[in-house]
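Chains as they are written, first to last, in the working numbering: chain A, 183 to 486; chain B, 183 to 486; chain C, 183 to 486; chain D, 183 to 486.
Next up, the structure:
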């Protein structure tokens with residue numbers, strides 16, 4: 183089957199797939215998004231773009247931004263980064279304080295909230311204008327300078343970030359946050375509030391499929407070695423408490439967000455993104471997970 | 183660099199690498215093994231065998247046997263198996279009762295002790311003579327019928343298996359063990375007490391690199407789809423509380439044992455095993471981890 | 183109000199008090215008891231016996247036996263006993279393995295199952311015939327040699343003791359159980375299977391109200407100092423995860439059992455027992471808790 | 183022995199008792215206090231005041247203030263208060279977030295930090311000027327209007343309160359904090375920064391020994407019934423993770439603070455306070471615990 187045929191098949195499948203998931207409501211602004219939104223975009227190294235549905239409509243990337251934050255931090259720092267955040271999968275929900283307390287304020291990995299907050303703290307310490315640099319990084323890897331944050335989502339999330347403030351305070355009590363709590367929280371929420379379409383996200387994620395280089399011009403954004411390590415972290419930690427299930431059923435490194443987006447890659451093959459707002463109980467896009475499982479089944483290969 | 187050259191380089195490196203690890207002592211019989219033992223074996227799909235050191239000497243495979251147990255169970259059963267054991271990485275040590283109690287007796291994955299005990303229980307319910315079938319399975323995939331258990335290790339482990347008996351009793355209280363506790367424990371310890379050399383283990387693991395087929399004769403031992411799933415579980419759960427670190431540094435699916443062995447694969451490329459008894463604090467072979475990190479660095483590719 | 187009037191008032195109150203609790207079912211033999219059973223017995227140092235309802239009918243004392251086990255162990259040993267079991271309240275359910283694992287096999291207190299199992303282990307190591315001595319101890323403090331175990335309850339509990347076997351195996355892995363697991367389990371279940379009436383239990387508990395002496399003949403069963411310590415443990419640990427609530431509402435040291443019995447004392451005043459099988463979600467007799475709250479309200483004094 | 187003789191004996195004992203404890207250092211201002219400070223004050227209902235050492239020197243009452251906060255809240259509110267904070271002992275350290283997360287933001291009891299923060303939040307919602315009312319309450323029960331906070335301790339604690347801010351944010355995420363986090367934190371630290379001498383504290387605690395009434399004029403500060411309940415909470419929860427040990431060895435309701443103070447009472451008999459800054463590993467005054475154990479041994483009675 184050709185790629186566009188496969189995507190058409192998935193689109194048909196999804197049209198009749200019942201779902202039990204609910205759109206995220208803990209950020210009021212996100213709760214307004216229609217649960218019917220559905221888009222998918224496949225960007226192949228050798229054969230270009232395939233897509234269906236709302237693949238050109240922007241949505242809140244939320245936790246998918248954590249991959250960009252980690253990439254930026256790893257491009258600026260070496261192994262010292264991993265003294266402040268580990269790379270182990272977490273056996274608890276994405277915002278749990280429990281493991282963090284037992285492990286003395288060192289987050290399990292950069293993709294749970296605690297870990298992403300440490301990465302934000304590192305970027306604030308390293309960059310002169312972290313918000314500007316972060317957005318420029320995304321403009322650079324997508325070649326699209328119109329990508330920006332959604333101010334309403336940003337404001338909305340700011341008002342209900344007590345859990346993240348608790349994480350920051352706990353880590354600061356262990357000495358693992360160096361900057362002001364308000365500043366770290368502000369920068370973290372800024373990243374989450376960025377909006378991108380499936381197509382733009384697939385273009386951005388192409389660097390992870392392409393050994394750290396932009397496909398458009400071959401520019402090395404991050405070393406091949408570090409790219410592999412980011413991919414490994416996506417594989418083991420990219421889906422909250424469902425990373426094993428995603429590896430088991432889909433077999434690709436990827437990252438999900440509570441906006442309903444998922445971005446994944448097959449090294450040296452393609453980047454793929456899907457968007458469907460209803461989330462399963464673990465906080466991942468229910469139809470998105472299914473769409474990617476269908477993709478690797480129909481293409482016949484996962485990375486394993 | 184050619185493969186034998188790479189292995190020679192690793193052998194030289196290891197000769198001068200200091201280590202802090204200790205040989206496992208909780209099974210008295212294992213404590214007798216010399217910490218100096220060191221062997222590595224690489225078996226490539228296209229170019230055959232490469233090795234150094236004690237690669238032909240048999241050692242106690244211990245938890246590496248859990249991969250064979252899972253394979254056998256998945257070859258006999260379908261998705262119903264995963265109602266009794268999950269496939270998520272575990273954020274705690276390999277024999278912890280804590281997560282098991284919170285999660286109502288359903289082990290996090292088949293590679294922590296609790297999960298392997300459930301797999302043993304399943305095999306006892308399914309097979310007429312589970313010990314015989316298990317050994318025959320290994321004879322089949324290695325083509326070597328002399329592989330057997332070490333009776334002293336078996337006896338030694340039997341006398342100090344209170345933790346595993348606690349896990350079994352706890353799971354039985356939740357209804358997730360169907361057979362007699364003594365019988366499950368006996369079969370589980372039997373599997374751990376099997377002895378194989380690096381070469382034999384690499385040959386056995388070739389089925390995971392080769393889409394579920396024996397390389398020698400093309401016989402399909404387990405479906406390609408199920409092989410991918412086993413590899414995914416090895417990737418996310420194969421190294422106790424260090425699975426993320428192994429993915430991050432090595433980037434291959436694999437499984438370690440407290441006997442000091444590690445077996446790993448690169449899909450469609452090779453199976454590789456290493457044996458060095460001293461264990462790091464997480465219970466994985468210290469030099470073994472390092473040897474495999476060197477291998478993927480020197481060959482220039484992980485699966486990511 | 184005189185004591186008998188107070189008890190009559192409580193009896194009237196209970197007759198119209200709705201309850202949501204359920205009779206314990208995890209021991210099949212206990213599940214057969216009528217939820218309507220209800221008895222109360224008050225034994226005052228200065229004025230003798232008061233009672234109502236089924237106060238003369240024997241029931242399974244279950245965990246109330248833990249007080250007798252602790253008393254016997256403390257009468258035989260001094261502070262070395264408390265190296266093997268602590269005296270702190272437990273923030274988890276009565277049979278939880280979690281805290282035990284974090285605290286290296288030292289149970290939080292002698293009234294959670296793990297602690298009572300350690301006490302049983304201690305008694306087996308110290309006494310020639312622990313079952314006989316245990317029963318004789320109860321015969322001695324009650325002056326009633328007809329008290330015995332219920333063999334059906336004993337058999338019934340033996341068949342569903344996987345949780346306790348898990349606790350024993352876990353503690354044995356930490357070196358905190360010295361005897362054979364089967365033997366400790368057997369003796370522990372024996373103690374739980376003893377049957378006594380409210381009147382007999384109140385007579386037995388009189389020693390805790392009377393400075394360690396039998397009221398009938400002034401014989402010192404256990405020193406006054408140790409009696410105070412046992413009472414302190416009852417106060418802080420006697421009601422599983424509801425010890426604080428009981429102190430808060432009732433204000434007396436006491437101990438409950440899943441058979442629906444509660445025994446409590448007011449030092450230098452009285453011993454009181456109540457029996458009503460339906461248990462609240464924390465595992466304590468629902469109407470029993472209420473009856474004792476009414477008692478201290480109507481008499482106008484708790485120990486505080 | 184007469185009371186003053188008993189206190190003299192304790193003073194002699196303490197002079198030669200070695201201690202391993204350290205003065206609290208997490209609040210820099212407290213770290214400056216001499217570890218040699220030592221005072222004790224016994225205030226008997228029937229026979230007045232007895233004391234030795236630094237009993238007239240003021241020190242930071244810290245967590246002992248939680249008893250006053252609870253008393254004030256219980257005098258203003260009824261059982262609805264206990265929907266927001268439980269009365270169960272806590273099996274973890276005094277500032278742990280873990281239990282709080284598992285129990286959905288409802289603190290285990292009013293004497294762990296989380297619980298005292300909820301009480302502070304309640305008082306802010308109820309009182310027009312909570313700081314003023316709190317201080318006036320202490321002025322009232324001691325008859326001493328010169329009692330005030332230590333501004334340096336207040337400032338010092340404000341700068342290192344990340345743990346408490348984490349607790350507040352976590353509870354606010356569960357909806358169990360109604361006011362601004364900064365305001366609650368400020369009021370909570372204010373209470374902790376109050377300074378009182380042993381004599382003043384013993385006078386204040388006399389209301390708990392005297393059924394809720396001031397001994398000087400018989401004024402009912404809080405009902406007899408509520409006084410008993412406060413005493414019960416002190417008994418089961420007053421000493422962090424050592425409440426059981428204190429009950430076991432001392433047998434009195436009481437409360438300790440990291441300033442090295444302990445206040446305890448014997449209902450209808452006396453209030454007693456002791457001050458010695460070095461803390462044991464559980465955070466309670468090491469010599470203070472010992473002094474109170476000697477007191478109940480030498481007087482021959484605990485409440486049990």
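The beta carbon of each residue, even a glycine, is placed where N, CA and C say it ideally should be.
According to DSSP, residue 224 of chain B shares a beta bridge with B/232, B/454. Out of B/328, B/436, B/402, the CA that lies nearest to the CA of residue 412 of chain B is found in B/436.
Considering only C/470, C/249, C/241, C/198, the residue with the shortest C-alpha distance to residue 293 of chain C is C/249. When the five nearest sequence neighbours on each side are left out, the beta carbons in the same chain lying within less than 8 Å of the beta carbon of residue 243 of chain C are those of 374, 376, 377, 378, 383, 439, 441, 443, in order along the chain. Our two residues, residue 480 of chain B and residue 362 of chain A, have alpha carbons roughly 43 Å apart in a direct line.
Residues of chain A with a Cβ closer than 7 Å to the Cβ of residue 429 of chain B are, in chain order, 414, 417, 418. If you compare the alpha carbons of B/218, B/289, B/199 with that of residue 205 of chain B, the shortest gap goes to B/218.
Of all alpha-carbon atoms in B/367, B/186, B/251, B/202, the one lying nearest the alpha-carbon of residue 343 of chain B is that of B/367. Around the beta carbon of residue 230 of chain C, fewer than 16 other beta carbons sit within 10 angstroms, so the residue counts as exposed. Contact with chain A is found for residue 435 of chain B, since one of that chain's Cβ atoms lies less than 8 Å from the residue's Cβ. Nearest CB-CB separation between residue 266 of chain B and chain C: not below the 8 Å threshold. Just so you know, the alpha carbons of residue 458 of chain C and residue 416 of chain C end up roughly 20 Å apart. Legend: CB atoms of the stretch 311-342 of chain A lying less than 9 Å from CB atoms of chain D belong to residues 342. Taking the Cα of residue 225 of chain C as reference, the smallest distance to any Cα among C/237, C/216, C/215 is reached at C/237.
Beta-carbon to beta-carbon, residue 289 of chain B and residue 300 of chain B are separated by about 6 Å, close enough to satisfy the 8 Å threshold. DSSP places residue 376 of chain B in the uninterrupted beta strand (DSSP E) bounded by 376-378. B/266 is the residue among B/323, B/285, B/266 whose C-alpha sits nearest the C-alpha of residue 298 of chain B.
Residues of chain A with a Cβ closer than 7 Å to the Cβ of residue 280 of chain D are, in chain order, 280, 283.
Against chain D, the CB of residue 355 of chain A has a partner CB under 8 Å away; the residue lies at that interface. Here residue 445 of chain B is bridged, per DSSP, to B/437, B/455. What residue 411 of chain D touches in chain C, judged by beta-carbon distance under 7 Å, is 430, going in chain order.
Each residue's CA atom was taken as its position, placing residue 347 of chain C and residue 358 of chain C some 14 Å apart.
Taking a contact to require three or more Cβ pairs closer than 8 Å, the stretch 458-476 of chain C and the stretch 424-435 of chain C qualify as touching. The stretch 331-340 of chain B makes contact with the stretch 208-217 of chain B: 3 or more CB pairs, one atom from each, lie closer than 8 Å. In this structure, the CA atom of residue 207 of chain C is about 15 Å from the CA atom of residue 241 of chain C.
Residue-level contact check: residue 347 of chain B touches chain C, since one or more beta carbons of chain C fall below 8 Å from its beta carbon.
Judged by beta-carbon spacing, residue 227 of chain C lies within the 8 Å limit of residue 451 of chain C, meaning their Cβ atoms are closer than that value. Contacts with chain A at 8 Å (Cβ-Cβ) do not include residue 212 of chain D. For residue 362 of chain D, no CB of chain C lies under 8 Å from its own CB, so it is not counted at the interface with that chain.
Note on the stretch 266-346 of chain B: there is no whole beta strand (DSSP E) run with a minimum of 3 residues. Residues of the stretch 283-310 of chain D with a C-beta less than 8 Å from any C-beta of chain A: 283, 284, listed in chain order. For residue 420 of chain A, no alpha helix (DSSP H) segment is defined, and its DSSP state is neither H nor E. Within the DSSP bridge table, the entry for residue 204 of chain D names D/461 as partners. In terms of Cα proximity to residue 270 of chain D, the closest of D/260, D/461, D/282 is D/282. Under the Cβ criterion (8 Å, minimum of three pairs), the stretch 304-316 of chain A counts as touching the stretch 250-257 of chain A. Close partners of residue 352 of chain B in chain C (Cβ separation under 8 Å): 279, 344, 345, 348.
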